[in-house]
Structure formats: C-alpha cells, structure tokens
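Student: Here you go, one structure.
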Amino acid sequence: MTDTPPDGREVVIALRGLRNQFGSHVVHENLDLDVYRGEILAVVGGSGTGKSVLLRTIAGLNTPAEGTITVLGTDVRHADEDARAALEARWGVMFQDGALFSSLTVRENVEVPMKNIAGLDPRIARELADLKISMVGLPYFAGDKYPSELSGGMRKRAGLARALALDPEIVFLDEPTAGLDPIGAAEFDQLIRGLSRSLGLTVFLVTHDLDTLHAVCDRIAVLSERRVLVSGTMQDMLEFDHPWVRAYFHGPRGRAAHDGAAADTSKEDN
Amino acid sequence: MAAERAPSIDIEDGPETVAITLSGAVTIHAVTELDQKLAAVPSDADVRLDLGGVSRLDTAGAWLVTCLRTRLEAGNGHLALDGATPEVTAILDTVAQAMPDPKDADTGPAMGVLEAIGRRVAGGGVFVMGLVGYLGLFLSRLLRALTHPREFRLTSLVHHCEEVGVKAVPIVALMAFLIGIVLAFQGASQLRQFGAEVFVVDLIAISILRELGILLTAIIVAGRTASAFTASIGSMKMREEIDAMRTLGLDPAMVLFVPRILALLLMLPILGLIANLTGLFGGALMSWVELGISPAMFATRLVEGTDTSHLLVGMVKAPVFALIIGVVGCHAGMQVESNAESLGQQTSKSVVAAIFAVIVADAVFSVFFAELGI
Chain A
32 MTDTPPDGRE VVIALRGLRN QFGSHVVHEN LDLDVYRGEI LAVVGGSGTG KSVLLRTIAG
92 LNTPAEGTIT VLGTDVRHAD EDARAALEAR WGVMFQDGAL FSSLTVRENV EVPMKNIAGL
152 DPRIARELAD LKISMVGLPY FAGDKYPSEL SGGMRKRAGL ARALALDPEI VFLDEPTAGL
212 DPIGAAEFDQ LIRGLSRSLG LTVFLVTHDL DTLHAVCDRI AVLSERRVLV SGTMQDMLEF
272 DHPWVRAYFH GPRGRAAHDG AAADTSKEDN
Chain B
6 MAAERAPSID IEDGPETVAI TLSGAVTIHA VTELDQKLAA VPSDADVRLD LGGVSRLDTA
66 GAWLVTCLRT RLEAGNGHLA LDGATPEVTA ILDTVAQAMP DPKDADTGPA MGVLEAIGRR
126 VAGGGVFVMG LVGYLGLFLS RLLRALTHPR EFRLTSLVHH CEEVGVKAVP IVALMAFLIG
186 IVLAFQGASQ LRQFGAEVFV VDLIAISILR ELGILLTAII VAGRTASAFT ASIGSMKMRE
246 EIDAMRTLGL DPAMVLFVPR ILALLLMLPI LGLIANLTGL FGGALMSWVE LGISPAMFAT
306 RLVEGTDTSH LLVGMVKAPV FALIIGVVGC HAGMQVESNA ESLGQQTSKS VVAAIFAVIV
366 ADAVFSVFFA ELGI
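These protein sequence lines map, in sequence, to chains A and B. According to the numbering used here, the stretch in the first sequence is residues 32 to 301, in order. According to the numbering used here, the stretch in the second sequence is residues 6 to 379, in order.
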C-alpha cells in the first residue's frame, strides 16, 4: 500500500475544481482531491490554509462557491434532502474537542445518532453505545459521565465513539491528536489505525502531528497555494521538491518523527 | 460496494443441533428484529451459525453474534460459525475483544430522598454564606479603592453606569407609567362608590412612592442586570480569563465586581426616582381622564396630603436592592464551570435569586418601618 494506489481502487470522495471564499479572501481555488476506499488520508498545511474548512466543506457544513463534491457516488451539493440524510448516515465526524452535547452523558451522546434508526430497541441501543464506548478504549463507567467530567483525551475518544455509532464508511477527524500528551496521542493513532483496518473505515483526517502522519497515514495531501499541492505517500512527500513541503517534512520536527517511525519499524522487524 | 440485500434469518431446530442461517445485510437497522428471533434459541443448544450469505455485517450485527455466543457459553450450549469471510471475522474479533464488562461500573450508592433534601438544605446555606462573603469582598475592595484610587477603574464604572442605568430608563419609565395608570383606574372605580374620588391621589402617591416605584424598578433591573453580570463574568470564567487576570496580578473583585456593583448602587436610586415621577405622571393623567381631577388639583393634593417620609422610605431601599442584585449577579457568574450549560443555569438562577431576595428584603423593610411607625 506504499505505492500510488492502482486505478482500480474505488474513489469514495472526489473533489473537483473546488473554490471556497470568505468575502474577498479566497481559501481554496481549483482544488482537486481523491480519497480511496479503506485508506487513511491526512491533510496537512500551514495555519490558515483552510484544512478545517476543507473538512467542513466535504462534510456539508460549509457551502463552497464553486466545484463539485462527490461522496460515495452522491453529488453533495445537489442532492435532495433524502439523499443527503442517507449520505450523512454513512459518514461520521469527530470535531476537535469532541463537540459532545454537554447536557447528555457520554452514553446518551453515542445513542443520539441511533435515534434515527426506526424500531431500534432502546435496550439494544444502550448496549451498542456501551460497545462503541469500549471500542474506542474508554472504561465502562465513562458512559455515565458528563463531557465536562472527562479529560480532553477521553472527550476525543467519546467524540469518536459518537462518530462511529452507525458504523459509517467514512470518518472525518479534525486534529485527532491536538492537545493530547505524546503517550495519549500515540494510543489514539493506534486506535484510528486499528479501527480503520478492522472495520474497513475510510479515514479523512486533518492534522499537524508529524508522528500521526508517519504512524497511521496511507497517503498525505499537502494544502498550499489554495489547492492540493501534492498528494502521495510519506516517501513521495520526502522526495517532493517544494520549499514549504521540504521545510515541513525535513525540518527538525519532521526528521525526529521520521527517525522515530524508522526506529519503530526496525523494532517490529526484529 | 455490494448491493444491500434485506437481511433474513432462518432457524432450523434439528434433533441435535440448531442450524441458523443469516444472510443479507446484518446491520443496526435489522438488529432489533433479529435479536427477538434469536431469543427463541434455548441457551443450552448446540448452534451452527451459517454466515455464508451475509453481504454486510456491521458492529451491531457482530454484537448480536457475540451476545449469542456469550449466552450459549453461559448456558452450556455451543456456537460454531460457518462461512465467515475474512472481513466478517475481523469485525467479529474486534467486537468480541471490545465487549464491555459492566462489572467495571463504579456503582455509587443511590442517593436517598432524605440525603437529597439534606444536600439541598445545606447547599442553600452554603449559597447564602457565599453571598455574604461576596458582599464582604465588595465592601473591602470598595474601601481599598478609596485608599488606593489608582487601582479603581473609572472608565469601567462609567461604562457600567450607562449599561445599567441609562439604557434601562425607557423600560423602567414605561413600566412605572403603566402602573400609575392601572392604580388610578382601579382606585377610581373603587373609591367612586364612596364618593371619595379625591383620595385616589393619596392612593397613587403612597403606593408608588413607598413601594411600587422602587420595588418594580428593582425587579426589572434584577432581570436585566443580574443576568448580564452573570453572563459576562461567567463567560470570562469559562474561558479562563479570570484565572489569567489573577496571574497578571489583577484582582477580579476590584476589576469586575466593584465597577459593576458600584454602578448599580449609583443608578438604581436614580432609576427609582424616574419610576416615581413617571408613575405619578401616569396616575395624574388617568385621574384627569377618568375622574376629572385636574393636574393642578392633583399637584396640590399631592403636596398637601403626602408626607415626604413616603418618598424617603421608598428611596432608602434602593441601595439595599442594588447591593442584593449586584452581589447575586457577580456571585453566580463566579460559580460558572467550564461548560456552556452551567452558564445558562447560573444565569437563570441569578435572576430568580435576585428577584426573590429583593422581594424578601422589601418584606423585611415593610415590617421594620411598620414597627418604627413611619
């Protein structure tokens, strides 16, 4: 999976000619991007290059000025309400700080998306919520807690549990490891990778964390100059010749993360 | 992606083994129905589950299979799987590993009714003590502002005077004007029966100057200002701005509480005075229209018949109400925690507490002045 994906792979998200504009400030222009089924794609870029805007645009929270967005074969911008609702059940979004409903317990938060399932027994919904809470690595008692009683890392996990409530095919993660300590961040990386592999999830994530890029991502897309400058594997990024990309991946932090990842791989090989 | 086929289940009760065939999309949409059907399988059965026809299995479907396995193993039964594809096996393994163990639950003792009542009573006591504490804090900082004028925020005081006082004038004036009209109208229709129409002036003057003018002003200000204090201080608390202030050597009580409560102390008497004036004006207008008491006659009767002590009794309450509203609003703002919900709770709580406390204080004043015979 380290090479460019073969043409036969299914494209689940396709962006063509996307343009985002706030007033006179153009964030994206003529932006193209493909995301393939089952891969973990990370979007990186400097502050203010519109990474989160891109995520919000694909997830339908932000209307682009121009361009087409096709997710799982549905044109997001021109779909009618029923088609959109059907589509929204097939993706999940985890916001930066979890964005949990503060008046509900964690378990009730995870049950919220399940309310749309016709005829689902409340007891089963409860047990499935407990299962999701456990799958993201939270202890059982966390289900009874309110979001304000949890640490930042636990809130992120709970947010992921809610995003996974309906077994989506695509999950959008906004800065999944921001604000976590290195141990917590590494655990979260492993969690994302494990769930992606075992549930066949396609993951679209926005991150600044170079360790995440090395540890879990199949492909990386660099946002710069209002478009996707380059997308490809970590190896492609390291070889790509562009001042910003070089500074990002070959800077001191980039090198440290690369060395760390290389050390991990050699340990696994032994 | 394979087309979603409707799920189906087929249970064949053989002599030794129960053969179950699951097929189609076994997802969360079908899990309730399938669960009911699977409940019919006895716990001690030897079950062969054929998953060969399953086109899609999500975690809800895998949960179903795992629950069946747990139940059979607990009841001396057995579950064997047939025809599971690698994807299905992967999900089954993930779910089986992640199955929550309710034994981890920290079951605290349920709170009894008595304990709940006790906690609320004690909480009320703590709340009142907290208010007294904040009153003391305000007074001590006010004294400090006198001895250290440089720490005092004059700009902030002026700003809050505008917010609390000037901007409240229209609503307070309108409210008092309408109250004056209502009093004159009701008084006229009652007093006319006795031919004592002219006493309506005394009725309006005494009730507005002594009680209603300042009390209703305080209630409106409590609704407007206590909530605004709580919301502004509470949102600063939520975003750790108060903590930042402390680390910068700024005293939140001096910077936030003193200008706000002092502005209320200065403005509430003025607002009360405006309410008295517009209330009397409304009363005079209605007396003229309804009873034919000319404005000149109303004024004469007002000056002759009404002692100035009524005005003083009313105005003396204003600073006390101002302190109550300000302290309740600031105290509630500082109780806000780091979530948005507590901001809303505290804001509504501060309005209710401020209005309630104002009315209680007014009752105490009434008893006090009655005892003094003023």
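Built from N, CA and C at the ideal position, the CB exists for glycine as well. A quick note: this is a predicted structure, and the numbers were derived from the prediction, not measured.
Determine the DSSP secondary structure at residue 37 of chain B, reduced to helix, strand or coil.
Tutor: In the second sequence, the residue the question calls residue 37 of chain B occupies position 32. Helix, per DSSP.
Student: If distances are taken between C-alpha atoms only, which option among A/292, A/83, A/174 comes closest to residue 161 of chain A?
Tutor: Position 130 of the first sequence, counted from the first residue, corresponds to residue 161 of chain A. Looking at the Cα atoms, A/174 is the closest of the given residues.
Student: Out of curiosity, what's the CA-to-CA distance linking residue 362 of chain B and residue 141 of chain A?
Tutor: Start at 1 with the first residue of the second sequence, and residue 362 of chain B comes out as number 357. Start at 1 with the first residue of the first sequence, and residue 141 of chain A comes out as number 110. Using only the alpha carbons, I get a separation of about 41 Å.
Student: Should residue 146 of chain B be labelled buried (16 or more other beta-carbon atoms within 10 Å of its own) or exposed?
Tutor: Here residue 146 of chain B refers to the residue found at position 141 of the second sequence. Label assigned to residue 146 of chain B: buried.
Student: When the Cα of residue 262 of chain A is compared with those of A/67, A/282, A/206, which residue comes out closest?
Tutor: Taking the first residue of the first sequence as position 1, residue 262 of chain A is located at position 231. Among A/67, A/282, A/206, the Cα nearest to that of residue 262 of chain A belongs to A/67.
Student: Using the Cα positions of residue 78 of chain B and residue 11 of chain B, report the straight-line distance between them to the nearest angstrom.
Tutor: Within the second sequence, the letter at position 73 stands for residue 78 of chain B. Within the second sequence, the letter at position 6 stands for residue 11 of chain B. When rounded, the distance between both Cα atoms is 29 Å.
Student: Using 9 Å as the limit for Cβ to Cβ distance, is residue 164 of chain A near chain B?
Tutor: If you number the first sequence from 1, residue 164 of chain A lands on position 133. True, the Cβ-Cβ gap to chain B drops below 9 Å.
Student: Below 8 Å on the Cβ atoms is my guess for residue 54 of chain B versus residue 97 of chain B; work out the distance and round it to an integer in Å.
Tutor: Stepping through the second sequence from its first residue, residue 54 of chain B is reached at position 49. Stepping through the second sequence from its first residue, residue 97 of chain B is reached at position 92. Going by Cβ atoms, the distance from residue 54 of chain B to residue 97 of chain B rounds to 11 Å, so no, they are not a contact pair.
Student: Below 8 Å, how does it come out for the stretch 215-229 of chain A and the stretch 47-58 of chain A: are there three or more Cβ pairs, yes or no?
Tutor: Too few Cβ pairs lie closer than 8 Å, so no.
Student: How is the beta strand (DSSP E) around residue 60 of chain A delimited, first residue to last?
Tutor: Within the first sequence, numbered from 1, the residue matching residue 60 of chain A stands at position 29. Run containing residue 60 of chain A: 56-67, per the beta strand (DSSP E) assignment.
Student: Between residue 72 of chain A and residue 62 of chain A, is the Cβ-Cβ spacing less than 9 Å?
Tutor: Your numbering for residue 72 of chain A matches position 41 in the first sequence. Your numbering for residue 62 of chain A matches position 31 in the first sequence. In this structure, residue 62 of chain A does not lie closer than 9 Å to residue 72 of chain A by Cβ.
Student: Just to confirm the assignment, what range does the beta strand (DSSP E) spanning residue 373 of chain B have?
Tutor: Counted from its first residue, the second sequence places residue 373 of chain B at position 368. From DSSP, residue 373 of chain B is part of no beta strand (DSSP E) but of the alpha helix (DSSP H) over 345-377.
Student: Can you tell me whether residue 208 of chain A is helix, strand or coil according to DSSP?
Tutor: The count along the first sequence starts at 1 and reaches residue 208 of chain A at position 177. Reduced to three states, the DSSP call for residue 208 of chain A is coil.
Student: So is residue 272 of chain B buried or exposed if we call it buried at 16+ other beta carbons inside 10 Å?
Tutor: Position 267 of the second sequence, counting from 1, holds the residue named residue 272 of chain B. Burial call: buried.
Student: Grab me the residues of residue 138 of chain A's own chain with a C-beta within less than 6 Å of its C-beta, minus the 5 sequence neighbours each way, in chain order.
Tutor: As a first step, residue 138 of chain A is located in the first sequence; it is residue number 107 there, counting from the start. Excluding sequence neighbours, residue 138 of chain A sits near 160, 174.
Student: On the criterion of 16 or more Cβ atoms from any shown chain inside 10 Å, does residue 214 of chain A qualify as buried, or is it exposed?
Tutor: Residue mapping note: residue 214 of chain A aligns to position 183 of the first sequence, counting from 1. Its Cβ having fewer than 16 others within 10 Å, residue 214 of chain A is exposed.
Student: 9 Å is my cut-off, CB to CB: does residue 7 of chain B come that close to chain A?
Tutor: Counting from 1 along the second sequence, the entry for residue 7 of chain B is found at position 2. With a pLDDT of 40 at residue 7 of chain B, under the threshold of 50, the modelled position of this residue cannot be trusted, and the question is left open.
Student: Three or more beta-carbon pairs under 8 Å between the stretch 258-269 of chain B and the stretch 154-172 of chain B, yes or no?
Tutor: Yes, the stretch 258-269 of chain B touches the stretch 154-172 of chain B.
Student: Among B/379, B/330, B/377, B/105, which has the Cα closest to the Cα of residue 366 of chain B?
Tutor: The count along the second sequence starts at 1 and reaches residue 366 of chain B at position 361. Nearest of B/379, B/330, B/377, B/105 to residue 366 of chain B, Cα basis: B/330.
Student: Would you mind listing the alpha helix (DSSP H) stretches within the stretch 130-214 of chain B that are 4+ residues and don't spill past its ends, in chain order?
Tutor: With a minimum length of 4 residues, the continuous alpha helix (DSSP H) runs that stay inside the stretch 130-214 of chain B are 159-169, 174-196, 205-211.
Student: State the Cα-Cα distance for the pair residue 46 of chain B and residue 16 of chain B, rounded to the nearest angstrom.
Tutor: As a first step, residue 46 of chain B is located in the second sequence; it is residue number 41 there, counting from the start. As a first step, residue 16 of chain B is located in the second sequence; it is residue number 11 there, counting from the start. Distance between the alpha carbons of residue 46 of chain B and residue 16 of chain B is about 8 Å.
Student: 9 Å is my cut-off, CB to CB: does residue 281 of chain B come that close to chain A?
Tutor: Start at 1 with the first residue of the second sequence, and residue 281 of chain B comes out as number 276. No, residue 281 of chain B lies away from the interface with chain A (no Cβ there is under 9 Å from its Cβ).
Student: Shorter than 9 Å from the beta carbon of residue 103 of chain B to some beta carbon of chain A?
Tutor: In the second sequence, counting from the first residue as 1, residue 103 of chain B sits at position 98. Closer than 9 Å to some Cβ of chain A, the Cβ of residue 103 of chain B qualifies, so yes.
Student: Span of the alpha helix (DSSP H) holding residue 247 of chain A?
Tutor: Translated into positions along the first sequence, residue 247 of chain A becomes position 216. Residue 247 of chain A -> alpha helix (DSSP H) spans 241-247.
Student: Give the secondary structure of residue 51 of chain A by DSSP, where H, G and I count as helix, E and B as strand, and everything else as coil.
Tutor: By one-based count along the first sequence, residue 51 of chain A stands at place 20. Here residue 51 of chain A sits in strand by DSSP.
Student: Using three-state DSSP, classify residue 240 of chain B as helix, strand or coil.
Tutor: Position 235 of the second sequence holds residue 240 of chain B. Reduced to three states, the DSSP call for residue 240 of chain B is helix.
Student: Tell me residue 30 of chain B's beta-bridge partners as DSSP assigns them.
Tutor: Counted from its first residue, the second sequence places residue 30 of chain B at position 25. Answer by DSSP bridge pairing, in chain order: B/61.
Student: If we call anything under 9 Å between Cβ atoms a contact, is residue 84 of chain B one with residue 31 of chain B?
Tutor: Residue numbering aside, residue 84 of chain B sits at position 79 when the second sequence is read from its first letter. Residue numbering aside, residue 31 of chain B sits at position 26 when the second sequence is read from its first letter. Contact flag unset, no.
Student: I'd like the span of the alpha helix (DSSP H) that includes residue 109 of chain A, first residue to last.
Tutor: Here the question's residue 109 of chain A lines up with position 78 in the first sequence. Where residue 109 of chain A is concerned, there is no enclosing alpha helix (DSSP H), given that its DSSP letter is neither H nor E.
Student: With a 10 Å radius around its C-beta and 16 neighbouring C-beta atoms as the bar for buried, classify residue 265 of chain A as buried or exposed.
Tutor: Within the first sequence, numbered from 1, the residue matching residue 265 of chain A stands at position 234. Looking at its Cβ environment, which holds 16 or more other Cβ atoms inside 10 Å, residue 265 of chain A is buried.
Student: Just how far apart, CA to CA, sit residue 58 of chain A and residue 80 of chain A?
Tutor: The count along the first sequence starts at 1 and reaches residue 58 of chain A at position 27. The count along the first sequence starts at 1 and reaches residue 80 of chain A at position 49. If I take the Cα positions, the gap works out to 7 Å.
Student: Would you report the Cα separation of residue 92 of chain B and residue 61 of chain B, rounded to the nearest angstrom?
Tutor: Against the second sequence, residue 92 of chain B aligns to sequence position 87. Against the second sequence, residue 61 of chain B aligns to sequence position 56. Near 9 Å, if we compare the C-alpha coordinates of residue 61 of chain B and residue 92 of chain B.
Student: CB residue 107 of chain A to CB residue 115 of chain A, shorter than 9 Å?
Tutor: The sequence position of residue 107 of chain A within the first sequence is 76, counting from 1. The sequence position of residue 115 of chain A within the first sequence is 84, counting from 1. A contact, by the Cβ cut-off of 9 Å.
Student: Please state whether DSSP places residue 261 of chain A in a helix, a strand or coil.
Tutor: On the first sequence, position 230 is the one that residue 261 of chain A refers to. Reduced to three states, the DSSP call for residue 261 of chain A is strand.
Student: Identify which residue in A/105, A/78, A/154 has its Cα closest to the Cα of residue 90 of chain A.
Tutor: As a working mapping, residue 90 of chain A is identified with position 59 in the first sequence. Taking only the C-alpha atoms, the option nearest residue 90 of chain A is A/105.
Student: By the criterion of Cβ-Cβ separation under 7 Å, what are the contact partners of residue 14 of chain B in chain A?
Tutor: Locating residue 14 of chain B in the second sequence gives position 9, where the first residue counts as 1. Result: empty, since nearest Cβ-Cβ is about 16 Å, beyond 7 Å.
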